[in-house]
Each structure stands twice: as structure tokens, then as C-alpha cells.
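Report on the following structure.
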Amino acid sequence: MKANFMSDRQLLEIMAYSDGELDAPRRHAVEKLIAEDPSAAALHQELTACANLLRAHEPLGTVPETREFYWSQIQRRIAAEEHAATRAKAPKAPALGWLRWLAPAIGVAALALVVTYQQRPGPTILAVGEASSMTFTSEADGVTISWIN
Amino acid sequence: MPASLKNDYLSAPDDALVGWAQKGDTEAFEQLVFRHRDKIYARAMMMMRNEQEALDLSQEAWVKSWQRLHQFQGDSSFATWMTRIVINLCLDQIRRQKKMRAESFEQIEEDLGGVERQMAVEHVNPTEGLEKDELRKRIDEAMAKLTEAHRTVLVMHEFQGLEYKEIAKRVDISIGTVMSRLFYARRRMASLLQGLRRERSE
């Protein structure tokens with residue numbers, strides 16, 4: 001039996017009827033259609049039986065891991081997310097934050113220093129031992145400062 | 150929680166375990182995981198059809214449920230609440246993978262007007278010949294043959310028990326699309342199950 005002579009709307013309404021999704025006027029219209037048209041009745045029977053069959057026989061599954069391993073993975077994820085949340089909430093260390101504002105000034109000073117040395121008549125060579133440097137790095141602020149004597 | 154109660158995890162109802170877990174008792178939560186893990190995994194597997202993804206999403210669902218446990222008010226059963234979480238995660242994953250697009254010939258056919266109109270009406274009789282477990286297996290095999298878009302709507306309606314309106318909202322499609330996908334999915338399932346039975350009887 002083919003169900004291809006009914007309109008799309010009628011086909012869908014038969015299904016909606018079997019799912020209890022129609023309002024009263026549409027429900028009565030579909031009931032009339034089912035009563036009068038054997039193909040509509042057959043379609044209604046098929047859709048209802050299929051839905052009932054599926055609901056009564058939902059496919060089962062088994063986690064393909066042991067209880068302990070499965071739970072340990074969940075525990076690890078929970079711990080990782082809690083750790084990440086704690087880190088996100090923690091206030092950033094304010095210390096040395098001001099150095100960020102000094103970075104452009106330090107850059108300009110370094111440039112000026114290079115230009116000054118280049119404009120001197122003779123090269124200035126610092127013998128090994130005469131030169132000393134000190135470097136300060138703040139990873140939190142992404143700043144590195146070098147002092148050269 | 151008193152120490153004596155700790156021995157009662159096995160026999161305690163879900164509500165009691167949820168109550169303890171809401172107070173931070175991880176052992177009570179572990180018992181909930183143990184009780185419902187197969188169902189949650191099965192639901193994810195039905196949606197994703199991929200063991201690794203299903204495993205990953207089912208675990209993610211448990212993590213989410215632990216984080217949101219304080220939101221659980223007991224309006225539905227804990228199992229229903231959990232399946233809702235895992236279905237939502239599956240939908241997010243499917244969206245990320247952009248698998249909801251017209252992805253196959255079947256989807257195109259549906260959009261053009263529906264091959265389901267041409268299918269002969271089948272008389273599906275669940276009790277005929279097949280054992281329950283065998284039938285579940287056959288249904289699972291038949292569902293694997295549906296497109297993701299059709300399977301998603303079918304799972305949400307038949308197994309999750311959601312109304313058309315709710316499915317439309319969650320999947321972000323129109324109610325008309327929900328109905329046409331569900332109609333196609335059911336007709337195809339009826340046809341596939343009938344075909345499997347015919348193969349078996351030959």
C-alpha cells in the first residue's frame with residue numbers, strides 16, 4: 001500500500017496525531033481521515049507501531065572501560081577544570097605591573113644610547129671584565145630589562 | 150555525612166545520592182556514575198555512532214553534571230537530567246563538526262520532497278520472532294543507517310521523549326523540519342526493520 005496520494009500536510013498530521021501533537025480541530029480532521037481512508041489508517045498504524053517499537057527497545061550500550069578507569073578519568077577532568085577555574089579567578093600579581101609602562105621609554109633610551117655610541121669618533125671597546133650586565137625578566141608581564149655597565 | 154551512611158551507597162536511591170553529592174560527597178557521585186554510566190554512554194553512542202566520541206562526551210557529561218549539580222532540583226529523574234546533558238553535548242559536538250548540513254543523498258532526497266512518500270507502508274510487529282536483545286541490536290543497526298540529522302531527531306523524540314517544539318528549539322530548526330525529519334526517520338526505520346526481518350526469515 002502506497003501512501004503517496006495524500007498531501008504532505010496530511011502525512012505529517014497523521015504522524016503528529018499519533019504523537020499527540022495536534023490541537024482538537026486538527027485531531028478530529030485526522031481521525032475522520034483515518035476512519036475513511038484505509039491507506040491513512042495503515043500509515044497511522046505503521047508510524048505508531050514503529051514509535052512504540054523503538055521506545056520499548058532502546059538500544060543498550062556498555063562503557064568499554066572498567067568502572068575504576070572510567071571514574072578515574074572523570075575525576076581527573078573534574079580536578080583539571082577546578083584547577084583551571086581557580087587559576088582564572090585568582091587575581092594577577094600587581095607587582096611589577098608598572099614596568100609595562102616603562103617598556104616604551106626603555107626602548108627609546110636604548111635606541112638613543114646606540115645612536116650616541118655610533119656618533120662618537122672612535123669605537124669604544126669594553127674589555128672583557130670591564131663590562132657587566134644585569135637582566136631582569138618578568139614572565140607575568142612579558143618584560144625583559146637589561147642594564148649594561 | 151555520618152560514616153554509617155557511607156555503607157549505604159549501594160542501596161541508597163538516586164535522590165539520596167544526589168543530595169550527598171550536592172554537599173560535595175564524591176563517593177556518592179561515583180555511585181551515580183556507576184549506576185547510570187551505561188545509559189549515558191549508550192545515548193551518546195546512538196547520537197554520535199563513534200565509540201571514542203561517545204566515551205569522551207559521556208565523561209564530559211559527568212563532569213558537567215558535577216559542576217551543575219546544585220542546579221538539579223529533582224523536577225525530573227536524575228537519569229533524565231543526565232541524558233539531557235549528554236544530548237546537549239552531542240548536539241554541540243555535531244554543530245562543531247558541521248555534520249548537520251545536507252550530507253548525504255538521503256538528506257538531499259528529503260529536502261527535495263521526500264522518498265518516504267514512495268515507501269510501501271510496513272506493518273511493524275515487535276513481537277514477531279525476535280528476542281528483545283536481538284531486536285535492540287537490529288534497531289541499533291537500522292539507526293546506524295539513518296543520516297545524523299534524521300537520527301538526532303528520532304533519538305530526541307523517541308528516547309528522550311521531547312516534543313516537536315522542544316526538539317526544534319534545541320536543534321535550531323523549524324517545527325516543520327522536525328516533523329519531516331521524524332516522519333522520514335520513522336518510515337525508513339519501519340522499512341529497514343521489515344527488511345531485516347525478511348533477511349532473517351530467508
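Sequence order for the protein chains is A and B.
Under my numbering, think of the first position of the first sequence as 1, with each following residue one higher.
Under my numbering, think of the first position of the second sequence as 150, with each following residue one higher.
Glycine included, each C-beta is placed from N, C-alpha and C at the ideal position.
Quick caveat, the model's predicted, so the values are computed rather than measured.
- By the Cβ criterion, the region 296 to 308 of chain B is in contact with the region 316 to 331 of chain B, since at least three pairs of Cβ atoms, one from each stretch, lie closer than 8 Å.
- Around the Cβ of A:PRO59, a 10 Å sphere holds 16 or more other Cβ atoms; the residue is buried.
- B:LYS314 and A:LEU12 have their C-alpha atoms roughly 15 Å apart.
- In the structure shown, B:ALA161 falls within a coil segment according to DSSP collapsed to helix, strand and coil.
- Within chain A, the C-beta atoms nearer than 8 Å to that of B:ASP289 come from PRO59, in chain order.
- Burial state of B:HIS219 is exposed, judged by a 10 Å Cβ sphere holding fewer than 16 other Cβ atoms.
- Of the candidates B:SER214, B:ASP224, B:PHE221 and B:GLY223, B:SER214 places its Cα closest to the Cα of B:LEU238.
- Residues of the region 23 to 38 of chain A with a C-beta less than 8 Å from any C-beta of chain B: none at all.
- Pairing B:TYR190 with A:PRO25, the inter-Cα distance amounts to about 41 Å.
- When CB distances to chain A are screened at a threshold of 9 Å, the residues of the region 204 to 229 of chain B falling below it are LEU204, SER207, GLN208, GLU209, TRP211, VAL212, TRP215 and GLN216, in chain order.
- Using beta-carbon distances, B:LEU166 does not count as an interface residue toward chain A, since no partner is under 7 Å.
- In terms of CA proximity to B:ARG217, B:ALA170 leads the group B:PHE308, B:ALA193, B:ALA170 and B:MET292.
- For B:ASP174, no Cβ of chain A is located within less than 7 Å of the residue's own Cβ.
- Residues of the region 59 to 79 of chain A with a Cβ closer than 9 Å to any Cβ of chain B, in chain order: PRO59, LEU60, GLY61, THR62, VAL63, PRO64, GLU65, ARG67, TYR70, TRP71, GLN73, ILE74, GLN75, ARG77 and ILE78.
- Nearest C-alpha to B:GLN246 among B:PHE308, B:ALA298, B:GLU209 and B:GLN309: B:ALA298.
- Per DSSP, the continuous alpha helix (DSSP H) segment holding A:ASN52 begins and ends at 38 to 56.
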